[in-house]
Amino acid sequence: MKPPSTAVVALVLLVVVAQYAFLAAAAAGPKVIIVGAGMSGISAGKRLSEAGITDFVILEATDRIGGRIHKTKFAGVSVEMGANWVEGVNGDEMNPIWAMANGTGGLSLRTFRSDFDHLSKNTYKQEGGLYDEKLVEKIMERTDEVEESGSKLAGTLHHSGQQDMSVMAMQRLNDHMPCGPSAPMDMVVDYFQHDFEFAEPPRVTSLQNTQPLPTFNDFGDDVFFVADPRGFESVVYHVAGQYLRTDRNSGAIRDPRLKLNTVVREISYFPSGVAVRTEGGKVYRADYVVVSASLGVLQSDLIRFKPQLPSWKIVPIYQFDMAIYTKIFLKFPTRFWPEGPGTEFFLHASERRGYYPVWQQFEKQYPGSNVLLVTVTDDESRRIEQQPDSETMAEAVEVLRKMFPGKDVPDATQILVPRWWSNRFFKGSFSNWPIGVNRYEYDLIRAPVGRVYFTGEHTSEKYNGYVHGAYLSGIDSADILINCAKKKMCKYNVKGKQY
């Protein structure tokens with residue numbers, strides 16, 4: 008046998024030296040790196056702290072914590088660009104977000120129960136004027152009947168997801184075609200029932216995993232709109248303040264473990280640890296990393312993994328949808344819309360599905376502000392994000408002038424259009440459960456790859472898409488890491504799809 012060449016020996020020595028150098032650097036660095044300071048990342052940090060793992064850093068790409076929970080000033084009031092409602096209240100179980108916002112958490116946020124019971128009185132024709140209330144009620148009652156039938160059908164489908172179907176397919180089975188050759192009124196009622204909740208149409212949404220929704224089954228049917236100057240993000244600060252150092256006077260986080268404006272571009276993982284490289288070229292080394300980036304970011308090329316994530320991980324990441332939910336705020340010099348009990352929400356029925364369909368006035372939340380909110384989703388969100396705000400303002404005002412032909416509808420003076428899809432740090436609003444997948448795929452998304460752990464609302468099998476889902480997923484993923492780091496229970500079992 009020939010002795011190894013000098014080049015081969017040098018290469019082996021180089022690899023050994025590099026491994027020792029990495030281990031030495033990791034020993035000097037934190038034990039855990041958390042990528043992202045949204046609700047799930049902050050929740051994971053709290054759970055790690057409770058378990059005695061306090062040696063970590065949180066790398067956040069933006070200049071704030073909260074992620075897709077973000078307030079801003081508009082027309083003199085504080086509005087929410089992202090998550091706005093605590094959904095699932097007054098049920099048998101306590102929603103953990105509600106407990107913090109208006110329960111034992113002590114924040115006592117200014118919230119308002121959203122009452123959607125009067126939409127039949129407030130559904131407007133495309134060319135103006137109201138539909139007959141009884142006619143709209145009939146459509147809504149039929150929609151409820153079909154939904155109830157769909158929930159019963161969903162309960163009979165095999166849990167593997169192999170018999171799953173779209174919500175639209177279920178509607179067709181019930182001879183209900185609000186997505187097909189139907190009237191604008193049928194479409195807008197269907198839009199409110201589905202797109203307004205999931206940000207995607209029934210043709211792409213799973214029946215089995217959305218009817219009935221665990222959020223409302225577990226926590227209650229009520230939803231509460233947050234309209235507090237402190238913002239919905241104060242819930243995230245409330246969680247962070249339980250383990251991160253904050254300024255006593257301002258409440259700002261002063262903990263050196265939180266690194267804002269730190270964009271992660273590469274995560275390398277080895278049997279011995281991880282290395283996280285930022286956009287500025289700085290490298291953080293640790294024993295473990297928790298990635299709380301959104302599903303949309305995981306589906307983009309913002310963060311590169313070295314080596315590439317295994318196929319069993321990549322495939323389920325791309326099986327799920329990152330939906331877009333856009334709340335457009337408009338400021339007017341005067342009010343021209345109906346006010347009083349039962350007028351908070353109103354619908355615009357258009358022959359073009361999802362064209363400025365769901366409106367909300369803020370008589371209670373922001374009295375005297377003269378602000379309206381209109382919500383669009385999916386393809387309309389993408390279209391609107393790519394056009395100037397002036398065009399969006401003109402379109403929305405034109406819709407209002409047709410809805411209220413007898414009113415003097417003035418030009419809007421200000422507009423706010425969030426762009427979650429265009430933002431490379433989010434690439435959408437929240438995940439939506441598509442057809443044919445079940446807990447197996449969710450377990451794969453949540454499962455660690457070596458020393459790389461994953462969390463976020465998209466890893467919450469029961470509550471994906473919701474703030475409480477993000478909060479609970481942070482706890483769940485941190486517990487998986489804790490089992491490995493402290494108990495040496497590092498094997499994560501994913502049961503087969505048939506189970």
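Going by our numbering, the sequence shown opens with residue 8, and the numbers climb by one from there. All residues carry an ideal CB built from backbone N, CA and C; glycine is no exception. A quick note: this is a predicted structure, and the numbers were derived from the prediction, not measured.
Exercise. Buried or exposed: where does Lys-495 fall if 16 or more other Cβ atoms within 10 Å of its Cβ makes it buried?
Worked result: exposed
Exercise. Going by C-alpha distance, which of Gly-280, Thr-253, Glu-273 is nearest Ala-492?
Worked result: Gly-280
Exercise. Alpha carbon to alpha carbon, what distance is there between Gln-306 and Ile-331?
Worked result: 14 angstroms
For this session: Kindly give me the distance between the Cβ atoms of Met-46 and His-245, rounded to whole angstroms, as I take these residues to be in contact under 8 angstroms.
Result: Met-46 to His-245, Cβ: 11 angstroms. No contact.
Exercise. According to DSSP, is Tyr-473 helix, strand or coil?
Worked result: coil
For this session: Entirely within the stretch 205–264 and at least 4 residues each: give me those alpha helix (DSSP H) ranges in chain order.
Result: 221–226, 241–247
Problem set entry | Span of the beta strand (DSSP E), counted from its first residue to its last, around Met-329 | 328–330
Exercise. Assuming Val-42 contacts Val-297 under a Cβ cut-off of 8 angstroms, what Cβ separation, rounded to an integer in Å, is found between them?
Worked result: 7 angstroms
For this session: Give a yes or no on whether 8 angstroms exceeds the smallest Cβ distance from Ala-247 to chain B.
Result: The chain labelled as chain B is not found in the depicted structure, where only one protein chain is given.
For this session: Rounded to whole angstroms, what's the CA-CA distance from Leu-380 to Met-184? Just pull it up for me.
Result: 28 angstroms
For this session: Could you say if the stretch 431–438 and the stretch 453–473 meet the contact criterion of at least three C-beta pairs nearer than 8 angstroms?
Result: yes
Problem set entry | Spatially closest choice to Phe-199 from Pro-364, Gly-463, Glu-398, by CA coordinates | Pro-364
Exercise. Sorry if obvious, but does the Cβ on Gln-315 come closer than 7 angstroms to a heavy atom of the ligand ATP?
Worked result: Here there are no bound small molecules, and the ligand ATP is not part of this structure.
Exercise. What first and last residue would you give for the alpha helix (DSSP H) that runs through Thr-399?
Worked result: 396–410
Exercise. With burial defined as no fewer than 16 other Cβ atoms inside 10 Å of the residue's Cβ, what is the status of His-165: buried or exposed?
Worked result: exposed
Problem set entry | Local Cβ density within 10 Å of Cys-497, reported as buried at 16 or more and exposed below that | exposed
Exercise. Does the beta-carbon of Gly-52 have 16 or more other beta-carbons within 10 angstroms, so that it is buried, or is it exposed?
Worked result: buried
Exercise. If you run the structure through DSSP and keep just helix, strand and coil, what is Leu-30?
Worked result: Confidence is the limiting factor: at Leu-30 the pLDDT is only 42, short of 50, which leaves the residue's position unreliable and the question unanswerable from this model.
Problem set entry | Contact check, Gly-361 vs Asp-202, beta carbons under 8 angstroms | yes
For this session: Return the Cβ separation of Asn-377 and Arg-408 in integer angstroms, given the expectation that the two are a contact with Cβ distance under 8 angstroms.
Result: Not quite, the Cβ-Cβ distance comes to about 16 angstroms (not below 8 angstroms), so this is no contact.
For this session: May I have the straight-line CA-CA distance separating Gln-170 from Met-177, to the nearest angstrom?
Result: 12 angstroms
For this session: Flag this pair as touching only if the stretch 442–459 and the stretch 286–296 have three or more C-beta atom pairs under 8 angstroms; answer yes or no.
Result: yes
For this session: Just list the alpha helix (DSSP H) runs in the stretch 156–204, keeping only unbroken ones of 4 residues or longer that don't cross its boundaries, in chain order.
Result: 174–180, 191–200
For this session: Can you give me the start and stop residues for the alpha helix (DSSP H) that Asn-109 sits inside?
Result: 103–109
Exercise. Taking just the CA atoms, how far does Asp-385 sit from Ile-321?
Worked result: 23 angstroms
For this session: To the nearest angstrom, report how far apart Thr-217 and Met-101 are at their CA atoms.
Result: 20 angstroms
For this session: Starting from the N-terminal side, write out each stretch of the alpha helix (DSSP H) that is 4 residues or longer and does not extend beyond the stretch 265–315.
Result: 302–305
Exercise. Start and end of the alpha helix (DSSP H) containing Gly-48?
Worked result: 46–57
Exercise. Curious, which full-length alpha helix (DSSP H) runs of at least 4 residues does the stretch 431–464 contain?
Worked result: 446–453
Problem set entry | Nearest neighbour of Tyr-447, chosen from His-77, Gln-505, Lys-338 [CA to CA] | Gln-505
Exercise. Are at least three pairs of beta-carbons, each pair with one atom in the stretch 50–66 and one in the stretch 248–264, less than 8 angstroms apart?
Worked result: yes
Problem set entry | Element boundaries [beta strand (DSSP E), containing Ser-85] | 84–87
Problem set entry | Straight-line Cα distance separating Glu-140 from Thr-130 | 8 angstroms
Exercise. Mind checking whether Glu-144 and Ser-127 have CB atoms under 8 angstroms apart?
Worked result: yes
Problem set entry | Exposure of Asp-197, with buried meaning 16 or more beta-carbon neighbours within 10 Å | buried
Problem set entry | Whole-angstrom distance between Val-404 and Arg-359, CA atom to CA atom | 17 angstroms
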